[in-house]
């Protein structure tokens, strides 16, 4: 499995544990004002990171080179900035809204770079002399 896949799966598990913790905390204190942050932690942190890791595991030639790691770093940094800021904003700290915006833009940039990875050939495929698809005989 490519290193980037292992990184994404490790990140996904951490976000799953954080998301569960936030959900439990909201339930215990009977304050669900951070439900939006809880949803983002689970969907962007846990689910999307696991999907990215799965894609790279299933397409190891796409995990090669600088672009997948640039995508991963931008996405990961965006989550680290956006998710805590969103939680703080939703629980009464409106001053962190610029951090939410900056983190959100970084996450969006990471998603756009992932689309570039998906819709372009991987390094191994580009350097191969044979066509990617052989005609049926």
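Residue numbers (our numbering): 251 to 387. Yeah, the Cβ is synthetic: ideal placement off N, Cα and C, and Gly gets one too.
CA-to-CA distance, residue 371 to residue 256, given in whole angstroms: 22 angstroms
Residue from 339, 364 and 258 with nearest C-alpha to residue 312: Measuring from the Cα of residue 312, the nearest candidate turns out to be 364.
Residue 272 beta carbon less than 7 angstroms from that of residue 282: no
Backbone CA spacing between residue 258 and residue 300 [nearest angstrom]: 6 angstroms
Where residue 343 falls, given that 16 or more other Cβ within 10 Å makes a residue buried: Answer is exposed; the Cβ neighbour count stays below 16.
Cβ-Cβ distance between residue 357 and residue 332 below 7 angstroms: In contact: residue 357 and residue 332 (Cβ atoms closer than 7 angstroms).
Straight-line gap, residue 368 to residue 294 (C-alpha atoms, nearest Å): 18 angstroms
Three-state secondary structure (DSSP) of residue 339: helix
Residues near residue 380 by beta carbon distance below 7 angstroms, same chain, minus five either side: Here the model assigns residue 380 a pLDDT of 45, short of 50, so the residue's position is not dependable and the matter cannot be decided.
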